[in-house]
Every structure is written in structure tokens, then in C-alpha cells.
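Structure, as C-alpha cells:
There are 2 protein chains.
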Amino acid sequence: MTLYVNLAELLGTRIENGFYRPGDRLPSVRALSLEHGVSLSTVQQAYRLLEDNGLALPRPKSGYFVPADRKTPALPAIGRPAQRPVEISQWDQVLELARAAPSPDVVQLGRGMPDVTSPTLRPLTQALGRISRRSDMPGLYYDNIHGRRCLREQVARLLLDSGTNIDSDDLVITTGAQEALAICIRSVCQPGDIVAVDSPSFHGAMQALKGLGMKALEIPTDPLTGISLDALELALEQWPIKAIQLTPSCNNPLGYIMPEDRKRALLTLAQRFDVAIIEDDVYGDLAYTYPRPRTIKSFDEDGRVLLCSSFSKTLAPGLRVGWVAPGRYLDRALHMKYISTGSTATQPQLAISDFLKAGHYEPHMRRMRGQYQRSRDLMTGWVTRYFPEGTRVSRPQGGFMLWIELPEDFDSLRLNRALQGQGVQIAVGSIFSASGKYRNCLRMNFAAKPTAQIEDAVRKVGAATALLMQRTDPA
Amino acid sequence: MTLYVNLAELLGTRIENGFYRPGDRLPSVRALSLEHGVSLSTVQQAYRLLEDNGLALPRPKSGYFVPADRKTPALPAIGRPAQRPVEISQWDQVLELARAAPSPDVVQLGRGMPDVTSPTLRPLTQALGRISRRSDMPGLYYDNIHGRRCLREQVARLLLDSGTNIDSDDLVITTGAQEALAICIRSVCQPGDIVAVDSPSFHGAMQALKGLGMKALEIPTDPLTGISLDALELALEQWPIKAIQLTPSCNNPLGYIMPEDRKRALLTLAQRFDVAIIEDDVYGDLAYTYPRPRTIKSFDEDGRVLLCSSFSKTLAPGLRVGWVAPGRYLDRALHMKYISTGSTATQPQLAISDFLKAGHYEPHMRRMRGQYQRSRDLMTGWVTRYFPEGTRVSRPQGGFMLWIELPEDFDSLRLNRALQGQGVQIAVGSIFSASGKYRNCLRMNFAAKPTAQIEDAVRKVGAATALLMQRTDPA
Chain A
1 MTLYVNLAEL
11 LGTRIENGFY
21 RPGDRLPSVR
31 ALSLEHGVSL
41 STVQQAYRLL
51 EDNGLALPRP
61 KSGYFVPADR
71 KTPALPAIGR
81 PAQRPVEISQ
91 WDQVLELARA
101 APSPDVVQLG
111 RGMPDVTSPT
121 LRPLTQALGR
131 ISRRSDMPGL
141 YYDNIHGRRC
151 LREQVARLLL
161 DSGTNIDSDD
171 LVITTGAQEA
181 LAICIRSVCQ
191 PGDIVAVDSP
201 SFHGAMQALK
211 GLGMKALEIP
221 TDPLTGISLD
231 ALELALEQWP
241 IKAIQLTPSC
251 NNPLGYIMPE
261 DRKRALLTLA
271 QRFDVAIIED
281 DVYGDLAYTY
291 PRPRTIKSFD
301 EDGRVLLCSS
311 FSKTLAPGLR
321 VGWVAPGRYL
331 DRALHMKYIS
341 TGSTATQPQL
351 AISDFLKAGH
361 YEPHMRRMRG
371 QYQRSRDLMT
381 GWVTRYFPEG
391 TRVSRPQGGF
401 MLWIELPEDF
411 DSLRLNRALQ
421 GQGVQIAVGS
431 IFSASGKYRN
441 CLRMNFAAKP
451 TAQIEDAVRK
461 VGAATALLMQ
471 RTDPA
Chain B
1 MTLYVNLAEL
11 LGTRIENGFY
21 RPGDRLPSVR
31 ALSLEHGVSL
41 STVQQAYRLL
51 EDNGLALPRP
61 KSGYFVPADR
71 KTPALPAIGR
81 PAQRPVEISQ
91 WDQVLELARA
101 APSPDVVQLG
111 RGMPDVTSPT
121 LRPLTQALGR
131 ISRRSDMPGL
141 YYDNIHGRRC
151 LREQVARLLL
161 DSGTNIDSDD
171 LVITTGAQEA
181 LAICIRSVCQ
191 PGDIVAVDSP
201 SFHGAMQALK
211 GLGMKALEIP
221 TDPLTGISLD
231 ALELALEQWP
241 IKAIQLTPSC
251 NNPLGYIMPE
261 DRKRALLTLA
271 QRFDVAIIED
281 DVYGDLAYTY
291 PRPRTIKSFD
301 EDGRVLLCSS
311 FSKTLAPGLR
321 VGWVAPGRYL
331 DRALHMKYIS
341 TGSTATQPQL
351 AISDFLKAGH
361 YEPHMRRMRG
371 QYQRSRDLMT
381 GWVTRYFPEG
391 TRVSRPQGGF
401 MLWIELPEDF
411 DSLRLNRALQ
421 GQGVQIAVGS
431 IFSASGKYRN
441 CLRMNFAAKP
451 TAQIEDAVRK
461 VGAATALLMQ
471 RTDPA
């Protein structure tokens with residue numbers, strides 16, 4: 001990426017995160033040129049880009065300002081989950097989401113689906129076709145338990161982008177990141193153990209805890225910087241926690257990227273209390289800024305971080321290819337992989353390996369990062385326009401999910417029911433909590449290319465929300 | 001299949017199972033004609049077929065006899081496993097097997113690999129290619145948790161061949177039968193529970209018990225008729241058994257088909273003691289006789305049988321497509337599927353569904369059944385020829401595995417080590433026992449089309465066996 005785009009992204013993130021507020025004066029061209037060691041014209045290009053995106057406004061002879069009428073909706077509040085380990089509930093609501101088959105009649109804002117219609121994915125389907133036509137039919141044979149070496153080598157190369165240095169022999173290919181998460185939980189914990197999680201937290205990981213008999217301790221989480229280290233420290237002092245499970249980069253559902261110093265501090269805490277960290281990085285490569293954020297795993301020195309990821313959010317989920325770097329738990333992870341599915345499907349591994357090797361991954365990522373960032377702005381705008389005043393909205397720094405918080409007595413389960421028959425579906429907030437918190441929240445997906453149909457769907461969700469709020473309003 | 005082939009198979013099975021011994025006179029043409037309600041010429045055709053296969057010898061004016069020089073090696077003895085629940089061991093040996101990647105330099109007699117080179121599989125790879133080329137790229141999308149409806153409907157149709165009547169909505173598609181087994185175990189049992197298993201028993205199921213914290217109680221198993229019902233009844237009286245896990249049709253590794261009345265009796269036992277049955281049917285469609293044997297599930301009336309199967313042995317294992325019919329445990333099985341892998345890869349499901357729908361499955365099965373049966377005879381002959389006198393051999397009635405038993409002090413682990421460097425690999429017997437029994441046994445795969453290279457591999461195994469036996473021989 002060129003220098004001016006980099007700079008524009010940096011400034012844009014600061015504006016979006018509220019570092020500069022509406023009406024604020026932005027740094028002078030000269031100051032930025034000195035600060036970042038770039039030419040004046042680079043800074044000017046960056047400002048023009050910000051201007052195009054509605055983030056900066058030039059005033060003659062005064063420099064650049066954040067537009068005063070720029071509405072940034074307030075951020076969701078920091079959650080106040082139960083201060084004790086709980087058995088995980090909400091399976092029935094997750095099941096409803098998991099059962100929903102893709103349907104052309106329903107705008108599924110609730111699902112975790114990326115956009116797979118980009119032409120930059122074409123080489124992947126071509127690779128699948130090519131492997132099908134090979135006379136030695138490699139896709140029909142069992143793979144071994146570790147996963148294809150060619151793919152592991154490509155994944156190891158990819159991981160370098162996040163500062164993560166892993167030998168390909170320390171990787172295990174999995175059937176999506178869900179299998180990686182379940183393997184990790186079972187590699188580290190026994191039934192009855194307590195696992196600390198960010199809150200809100202990915203429902204798939206929490207349901208894995210539930211299914212395997214563990215308890216979750218939800219830790220308050222800041223919508224811009226991630227899990228509260230103070231609260232986590234208190235919890236580690238108070239409870240016999242076995243592992244910390246979280247999504248620190250492009251969090252699902254909040255979209256934040258935990259700053260690097262906080263990732264390091266988290267690892268130090270884990271070392272002090274000798275607990276494992278299960279790091280879910282499925283959205284990490286979809287950070288809007290480049291280079292992508294580092295993983296916690298990249299700072300890990302004693303193998304206590306188990307890094308889980310997949311190609312489900314970056315390439316295509318239907319292929320079910322993920323991986324885990326289980327650190328010191330490799331032997332146990334291999335056993336868990338063996339009993340879970342024996343081995344991973346061969347053909348998609350070969351196709352993805354070909355795709356990566358031919359250099360198609362980076363251009364695809366570049367395109368998707370740009371598309372998702374633009375869609376985030378659009379979707380945030382739609383929510384600001386169509387949802388009732390006071391609606392709080394996350395400010396994702398990567399990925400394709402928006403988290404929306406409504407007044408405390410709002411019930412997103414009722415909202416979802418109200419939307420049935422209107423051809424729209426959302427993810428209810430309560431599935432992101434072990435104890436059914438966040439009923440007043442919902443998650444919406446903005447991966448698909450923006451269309452009038454999607455805008456209309458968001459308008460419907462906003463209208464149905466307003467209607468429900470009027471009904472519960474005592475006035 | 002025509003009448004005479006049917007009749008020949010029936011008689012052939014009786015000869016192979018020792019009902020008629022070498023030198024015995026076989027029933028007269030007239031008697032068989034009356035018994036089976038077929039014409040005399042049909043019986044004569046059947047006898048000619050048996051003659052071609054070396055199973056019957058005509059003597060002028062005296063009728064047909066079993067050739068007196070026909071060598072049928074003795075059957076393996078009924079195992080005498082530990083009479084108490086045990087924690088499962090042997091993971092390191094299973095890992096060695098699971099780690100072995102396909103290699104052109106090694107004849108892998110130890111693996112569970114079917115022959116995937118048959119031209120009758122061509123339509124399957126064509127379907128994979130066709131789906132890759134579709135512009136709507138269905139293979140890239142998440143499937144839902146249940147699996148593709150089109151595939152479930154085809155599987156439900158297929159199940160009718162085994163007398164099993166299952167609604168497609170009561171099926172869940174899985175990532176191979178291994179995931180189905182792990183899902184079932186977790187749907188029925190809690191850590192610490194006791195599961196009764198046939199013995200020898202499939203290592204994947206037992207490792208799943210181990211990984212999930214259950215104990216196995218190995219039940220003596222007859223090499224021709226399956227799990228001992230008397231021993232099972234005693235065990236059910238004595239221990240709080242939660243489930244019975246077994247492979248009753250074309251057992252792995254013994255190859256027997258449990259007779260129908262014994263399947264019914266097993267179910268009655270399970271009802272009486274109110275335990276679940278986890279029935280592994282992955283080899284069931286590969287029975288040499290037609291129609292294929294019924295499943296225990298086909299007699300199930302109260303949903304206590306969980307039927308697991310896959311296309312890994314019948315079509316191709318690299319696709320990782322299996323299924324489970326979990327009966328009354330459907331809700332819990334869906335939860336376990338969700339946390340295990342979320343959903344199954346989409347493209348292989350669609351390709352297999354197309355393959356089945358177009359009617360390619362039955363011709364493929366017919367061909368493979370014939371090939372495997374012929375290879376069984378060849379392999380049995382090679383073992384008889386190349387292994388030391390007194391070697392006991394199973395008489396598979398389906399599938400592509402031979403189980404070989406050597407004197408009690410023989411050590412197949414040492415054999416496998418001796419074979420390293422000779423380009424041959426076998427499966428050591430101890431992985432088929434929870435407690436490491438059957439070290440004196442080994443399993444060999446006869447799926448691949450017989451070649452001089454394979455015969456040479458068997459010869460090497462026989463020679464290495466003889467050498468080891470001489471060394472341990474006190475004389």
C-alpha cells in the first residue's frame with residue numbers, strides 16, 4: 001500500500017475512534033510530514049482521501065477539521081457480566097441461527113458469512129476444478145492427521161504477516177476454526193474447569209465450552225481496546241481459571257483490535273498465573289489497517305498460546321479448512337484432532353495451498369479489506385439513519401460485523417421474531433454471552449456488497465426496533 | 001443379481017465358514033432345487049460357478065464335494081479381554097498409523113483405505129469438477145448444521161437397502177464417520193461412564209472414548225458371529241454400562257456379519273438394561289452377499305440405536321462425508337455437531353448427492369464387492385502360503401480387511417519395526433484393544449487391486465513373521 005493511503009487510514013482510525021471529535025482541528029500538513037517522515041505532498045494526498053471519505057473538511061487558511069456534523073454514534077457500553085463462572089446457556093438460540101440455510105428470500109444479516117462473490121476468488125474455484133480433473137485423483141485419498149504439508153508451509157508463511165513464527169510441523173490443519181477451538185479447549189481443560197472469556201464472546205467457542213462441560217467466566221470488555229486486564233487479573237486471583245479464550249484482533253462481535261501493549265500485558269498475566277491462552281484469529285487478516293495486527297501468539301515464548309484460525313472468513317467457509325498452532329499442547333491436540341474427524345478433507349487443502357502459492361491471497365485480502373471498510377461506513381450510516389436516536393454502535397477496525405446496543409429493556413429475541421416474514425434475520429445479542437446477557441444487543445453482517453435490498457433490510461430492522469421500543473415505552 | 005449367483009454365494013459362504021468341511025459331500029442338485037424353489041439348471045449353474053472358484057469339485061455319478069485339499073486356515077480364537085472397564089491406552093501406536101502419509105515407496109497394508117481407482121468412481125470426480133465450475137459457486141458457502149437436504153434424502157434412500165427407515169430430517173451429515181462416532185459418544189455418555197465394545201474393536205471409536213474420558217469394557221467376540229451376548233449380558237448385570245459400541249456388519253477388523261437373530265437379541269438386551277447402542281456401519285454396504293445385511297437400527301423402535309456411517313469405505317475417504325442417525329439423541333447430536341466442526345464441507349456433499357441421484361452408487365458397489373471378495377480369497381491364499389504353519393486367519397464376509405493371529409508370545413510391534421526399511425507397513429493388533437491385547441495379531445488391507453508388488457509385500461510380512469517366531473522359539 002502506498003504511503004498516503006497508510007497515513008489516511010491511520011488518521012481515519014483516530015477520527016473514528018474519537019481521538020479527534022467532530023469540529024476538532026486536525027494536525028497541520030507540516031506537523032504530520034515531520035511526525036511520519038513523509039513529504040508534504042504525501043500528507044496532502046492523505047487529507048484529500050480523508051476528504052473523499054467525509055472524514056476531513058478543509059477550511060481555507062486554517063487547515064483540516066473533522067466535519068462538525070459528522071455523527072459518530074456512541075459506542076456500546078462496557079458489559080457488566082456475572083462476576084462468577086457460569087454454565088453456558090443459549091443453545092436453542094444458537095441452533096436457530098445455525099439451522100438457517102442460505103435463502104434468496106431472506107437477507108441474513110445474522111450469519112458469519114463473508115462475501116465469496118469477488119472475482120479475486122476465481123483462482124480458488126479453478127484450483128478445485130483442476131484437482132478434480134487430475135487423473136491420480138488426490139482428493140479421494142485420506143490425508144494424514146497433521147494436514148497436508150504443502151498447505152501447512154503456506155499457512156506458516158502467512159502467519160509471518162502477524163509476526164507469528166511457527167514451524168509448519170507445529171501446525172495442525174482442522175475442519176474450520178470451530179474444530180480448532182474445540183480441539184484447543186479439550187487439549188487444555190477438563191470438564192468442570194473454568195475458562196475466562198471476553199464478553200461479548202463468539203458463541204461457537206462458548207458452546208464448545210458448554211458441550212465439553214466447562215464453565216465460562218465472562219470478563220468485562222472495552223469496545224475499542226478489548227478485554228479488561230484489571231478485571232481479568234482480579235478473576236485470576238479469585239478463581240482457578242485454566243485458560244483464557246478470546247478474539248483479540250478484529251473481535252467478533254465488537255470489531256476492535258486489542259492494542260499491542262495490551263496483548264503483551266495479557267500474556268504476562270497468563271504467565272504469572274500459569275494459564276493457557278486460546279486465541280481466535282479468524283478475522284485477523286481482515287484488519288482495515290496494514291500491516292495487520294500482531295497475534296498474542298507472536299509474543300509467546302513458552303508455548304502457552306494456542307492460536308486458532310481458518311480460511312472461512314478470508315476465503316470461503318464452505319471449504320471447512322482451518323488450523324491450529326497448539327504450542328506445547330501439540331501432542332494432545334493431535335489426539336483430539338484424530339478422535340474429532342480423523343483427518344481434514346484433502347481437496348480443499350490442496351486447492352487453498354495452490355491459491356496461496358500462486359500469490360492470490362494478498363490481492364484478494366486487499367480487495368476485501370477495502371470493501372469491508374467501505375461497507376462498515378455505509379452500514380454505520382444506515383444504522384445512524386434508520387435506528388432510533390441513542391442507538392449505540394461498535395466501530396469495527398476489521399472484519400464485517402456491526403454490534404448494536406439498544407436500551408437495557410430492549411429484547412432482540414422479540415425483534416428477530418418481529419422480523420420473520422419481513423425477509424430479514426439478525427443475530428440476537430444473548431448468544432454472545434454465557435449467561436444470556438446482551439438481550440438488548442444484536443449483530444449485523446455487512447460483508448455482502450451493499451445493495452438497495454440490504455439498505456432496505458437495515459431500514460426494516462430499524463423500524464421494527466423503533467416499534468418495539470414504543471411498545472415497551474411507558475409513555 | 002441372478003438366482004444362480006445368489007445361490008452360489010450362499011453355498012460358498014457356508015463352505016468358507018466351515019459348515020461344509022474339505023472332503024464333505026455337498027447337497028444334491030435336486031435337494032437344492034427343492035429347498036430354494038429354483039430350477040435344476042439354476043442349481044447346476046451355481047455349482048459351475050463354485051467349481052470355477054475352487055470351492056466345489058464334481059465327482060462323476062456322486063455329485064459335488066468340497067475339495068479335500070482346500071486349505072482353510074483356522075479362525076482366530078475368541079479373545080479373552082479384561083473382565084473389567086479399563087482406561088484406553090495405545091494412542092502412540094494409533095498415532096503412528098494415523099501419521100503415515102500415502103507414499104509410493106511403501107505398501108501400506110495397515111491403513112483403512114479403500115480402492116479409489118475404479119472407473120465407476122469417475123462420475124464422482126466429474127461431479128466435483130462440475131460444481132467447481134458453477135458460476136454461483138455453491139461449494140464456497142457455509143452449509144447448515146444438519147447437512148444438505150439433497151444428500152440427506154439420498155442417504156435415507158440408501159438406508160432402505162439395510163431395512164433402515166429413517167426420515168432425512170433425522171439424519172445429520174458429518175465430517176466422516178469418525179465425527180459421527182465422537183458425536184454419538186458425547187451425546188450418550190459423560191466422562192467416567194462405561195461403554196461396552198466388541199473386541200477386537202475399531203481403534204478410532206476407542207480413542208474417542210479415551211479422549212472423552214470414558215472407560216471401555218471389552219466383550220469377547222466370536223470371529224464369525226460377533227459379540228458374545230452371554231458375556232454382554234453378564235457385563236450389563238455387573239456394571240453400570242451406558243452404551244454398547246460395535247461394528248456388527250462387516251466388522252473391522254474381523255470381517256464377520258453378525259446374524260440377524262443375534263442383532264435382534266442384542267437390541268432386546270439393550271432395551272432390558274436401558275442402554276444405547278452406537279452402531280458403526282461403515283463397511284455394511286461392502287457385504288459380499290446381496291442384499292446387504294440389516295442394521296440393528298432397522299429393528300430399533302424406541303430410538304436407542306445411533307447409527308454411524310460414511311462414504312469413506314464405499315466411495316472415497318478424502319471427501320470426509322459421513323452421517324449419523326442419532327434416534328432420540330438428535331438434539332444433543334446437533335449440539336455436538338455444532339461445536340465439533342460447525343458444518344460439513346459443502347462441495348463434497350453436493351458431489352456425492354449428484355453421484356447417488358444419477359444411480360452411480362449401486363454399479364460401483366457391485367464392482368467393489370466382487371473385487372474385494374476375490375481379493376479376500378487371494379490374500380487368504382497368500383497368507384496360507386507365506387505365513388508360518390498354524391497362522392490363524394479371519395474369514396471376512398465383507399469389507400477389505402484380514403485379521404491374522406499368531407502364537408500368543410508373538411509381538412506385532414516388533415514385526416512392524418522389522419518391516420520398516422522393507423517398504424511394508426501393517427496395523428498392529430494392540431490398537432484394536434482398549435488394554436493393549438492382541439499384540440500377537442495384525443490387520444492387513446486387501447482393498448488395492450492385487451499386484452505382484454502386493455503379493456511380495458505379504459511374502460515379506462510372512463517371512464519377517466517366521467524369522468521373529470524362530471527367534472522367540474526356545475528350541
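Top line first, the protein sequences correspond to chains A and B. Numbering follows the UniProt record's numbering, in which position 457 of the first sequence is assigned residue number 457; successive positions increment by one, without gaps. Numbering follows the UniProt record's numbering, in which position 30 of the second sequence is assigned residue number 30; successive positions increment by one, without gaps. Cβ atoms here follow ideal geometry from the backbone N, Cα and C, with glycine treated the same way.
Task: Proximity winner among B:LEU468, B:LEU378, B:GLN245, B:GLY398, relative to GLU408 (chain B) (alpha-carbon distances) - done: Measuring from the Cα of GLU408 (chain B), the nearest candidate turns out to be B:LEU468.
- [ ] Establish whether the CB of THR451 (chain B) and some CB of chain A are separated by less than 7 Å.
- [x] Output row for THR451 (chain B): interface = no.
- [ ] Kindly indicate which residue of B:PRO27, B:ALA447, B:LEU334 has the alpha-carbon position closest to the one of MET368 (chain B).
- [x] The candidate whose alpha carbon is nearest that of MET368 (chain B) is B:ALA447.
Task: Beta-carbon contacts of GLY12 (chain A) that lie in its chain and below 8 Å, excluding the five residues immediately before and after - done: Closer than 8 Å at the Cβ level, and outside the excluded window around GLY12 (chain A), lie LEU50, ASN53, LEU55.
- [ ] Check the C-beta distance from residue 478 (chain B) over to ALA434 (chain B) and give it rounded, since I have them as a contact under 8 Å.
- [x] Past the edges of chain B, shown from 1 to 475, lies residue 478 (chain B), and the structure says nothing about it.
TODO: Note down, in chain order, every chain A residue with its Cβ under 9 Å from the Cβ of LEU319 (chain B).
DONE: Ordered by position in chain A, the residues that pass the 9 Å Cβ test against LEU319 (chain B) are GLY139, LEU140, ALA345, THR346, GLN347.
Task: the segment 411-429 of chain A / the segment 121-141 of chain A touching (three or more Cβ pairs under 8 Å) - done: No: fewer than three Cβ pairs fall under 8 Å.
Task: is_contact[ALA475 (chain B), chain A] using C-beta, thresh 7 Å - done: Below a pLDDT of 50, predicted positions are generally treated as unreliable, and ALA475 (chain B), at 49, falls in that range; the measurement from the model is reported next regardless. ALA475 (chain B) is outside the set of residues whose beta carbon lies under 7 Å from a beta carbon in chain A.
- [ ] Taking ASN165 (chain A) and GLY399 (chain A) to be in contact with their CB atoms under 8 Å, please state how far apart those CB atoms are, rounded to whole angstroms.
- [x] Contact between ASN165 (chain A) and GLY399 (chain A) does not hold, since the beta-carbon distance rounds to 24 Å and is not under 8 Å.
- [ ] Determine the contact status of VAL66 (chain A) and PRO22 (chain A), defining contact as a CB-CB distance below 7 Å.
- [x] Yes; because the gap between Cβ atoms is below 7 Å, this pair is in contact.
TODO: Under 7 Å between beta-carbons, which chain B residues line up against ALA427 (chain A)? List them in chain order, please.
DONE: Chain B residues near ALA427 (chain A): none, gap ~14 Å exceeds 7 Å.
Open item on the list: If contacts are defined as beta-carbon pairs under 8 Å, then SER298 (chain A) and SER162 (chain A) qualify, I think. What distance do you get, rounded to the angstrom?
Closed with: In this structure SER298 (chain A) touches SER162 (chain A) by the C-beta definition: roughly 6 Å separates them, less than 8 Å.
- [ ] Could you give the DSSP three-state label for VAL94 (chain B): helix, strand or coil?
- [x] In this structure, VAL94 (chain B) counts as helix in the three-state DSSP scheme.
- [ ] Measure from the alpha carbon of LEU269 (chain A) to the alpha carbon of each residue in A:LEU232, A:THR247, A:GLY255, A:ARG395, then state which is nearest.
- [x] With distances taken between Cα atoms, LEU269 (chain A) lies closest to A:LEU232.
- [ ] Show which residues of chain A have a CB atom less than 9 Å away from the CB atom of GLN178 (chain B).
- [x] Residues of chain A passing the Cβ test: TYR338, ILE339, SER340, THR341, GLY342, SER343.
Task: Alpha-carbon to alpha-carbon, LEU7 (chain B) and ALA46 (chain B) - done: Pairing ALA46 (chain B) with LEU7 (chain B), the inter-Cα distance amounts to about 6 Å.
TODO: Spell out whether any CB of chain A is found under 7 Å from the CB atom of GLN207 (chain B).
DONE: Output row for GLN207 (chain B): interface = yes.
- [ ] Consult DSSP for GLY54 (chain A) and reduce its assignment to one of helix, strand or coil.
- [x] If DSSP states are grouped into helix, strand and coil, GLY54 (chain A) belongs with coil.
- [ ] State yes or no: is the C-beta of SER187 (chain B) within less than 7 Å of the C-beta of TYR329 (chain B)?
- [x] For SER187 (chain B) and TYR329 (chain B), yes; Cβs fall inside 7 Å.
Task: Status (buried if at least 16 other CB within 10 Å, exposed otherwise) for ALA143 (chain B) - done: Reading the sequence as shown, one finds Asp at residue 143 (chain B) and not Ala. So ASP143 (chain B) ends up on the buried side.
Open item on the list: Within 8 Å, do at least three Cβ pairs link the segment 334-350 of chain B to the segment 144-153 of chain B?
Closed with: Three or more pairs of CB atoms, one per stretch, sit closer than 8 Å, so the segment 144-153 of chain B contacts the segment 334-350 of chain B.
Task: Run of the alpha helix (DSSP H) containing THR384 (chain A), from where it starts to where it stops - done: Boundaries of the alpha helix (DSSP H) harbouring THR384 (chain A): 361-386, taken from the DSSP string.
TODO: Look up GLY322 (chain A) in the DSSP assignment and say whether it is helix, strand or coil.
DONE: Strand at GLY322 (chain A).
- [ ] Return the chain-ordered list of same chain residues with a C-beta closer than 6 Å to the C-beta of ILE78 (chain A), the five sequence neighbours on each side being excluded.
- [x] Once the five neighbours on either side are set aside, the close Cβ partners of ILE78 (chain A) are PRO220, ASP222.
Task: Limits of the alpha helix (DSSP H) - the one that ASN251 (chain B) falls within - done: Where ASN251 (chain B) is concerned, there is no enclosing alpha helix (DSSP H), given that its DSSP letter is neither H nor E.
- [ ] Answer yes if the segment 226-245 of chain A comes into contact with the segment 259-276 of chain A, meaning at least three C-beta pairs across the two stretches below 8 Å, and no otherwise.
- [x] Flag = yes, the segment 259-276 of chain A and the segment 226-245 of chain A touch.
Open item on the list: Less than 7 Å between the C-beta atoms of LEU109 (chain B) and ILE426 (chain B), yes or no?
Closed with: A distance below 7 Å separates the beta carbons of LEU109 (chain B) and ILE426 (chain B).
- [ ] At 4 residues or longer, and completely inside the segment 299-355 of chain B: list those alpha helix (DSSP H) runs for me, N to C.
- [x] Taken in chain order, the unbroken stretches of alpha helix (DSSP H) that lie wholly in the segment 299-355 of chain B and span 4 residues or more are 330-341.
Task: Contact under 7 Å by Cβ, CYS189 (chain A) with LYS242 (chain A) - done: Cβ distance < 7 Å, so CYS189 (chain A) and LYS242 (chain A) count as in contact.
Task: Backbone CA spacing between ALA287 (chain A) and THR247 (chain A) [nearest angstrom] - done: Here the C-alpha atom of ALA287 (chain A) lies approximately 13 Å from the C-alpha atom of THR247 (chain A).
- [ ] Spatial neighbours of THR341 (chain A) within its chain, please: CB distance less than 7 Å, with the 5 preceding and 5 following residues excluded, ordered by chain position.
- [x] THR175, GLU179, listed in sequence order.
- [ ] Please classify GLU260 (chain A): does DSSP put it in a helix, a strand, or coil?
- [x] Of the three classes helix, strand and coil, the one that applies to GLU260 (chain A) here is helix, per DSSP.
Open item on the list: For the pair the segment 370-383 of chain A and the segment 341-356 of chain B, tell me if three or more CB-CB distances fall below 8 Å.
Closed with: At 8 Å Cβ cutoff, the stretches do not touch.
Open item on the list: Going by the DSSP bridge assignment, what does CYS184 (chain A) pair with across the sheet?
Closed with: CYS184 (chain A) has no beta-bridge partner at all, per DSSP.
Task: 8 Å CB neighbourhood of THR465 (chain B) in its chain, flanking five on each side removed - done: Excluding sequence neighbours, THR465 (chain B) sits near PHE387, PRO388, THR391, LEU406, PHE410, LEU415.
- [ ] Can you say whether VAL461 (chain A) is buried or exposed, counting buried as having 16 or more other CB atoms within 10 angstroms of its CB?
- [x] Counting Cβ neighbours within 10 Å, VAL461 (chain A) comes out buried, since at least 16 surround it.
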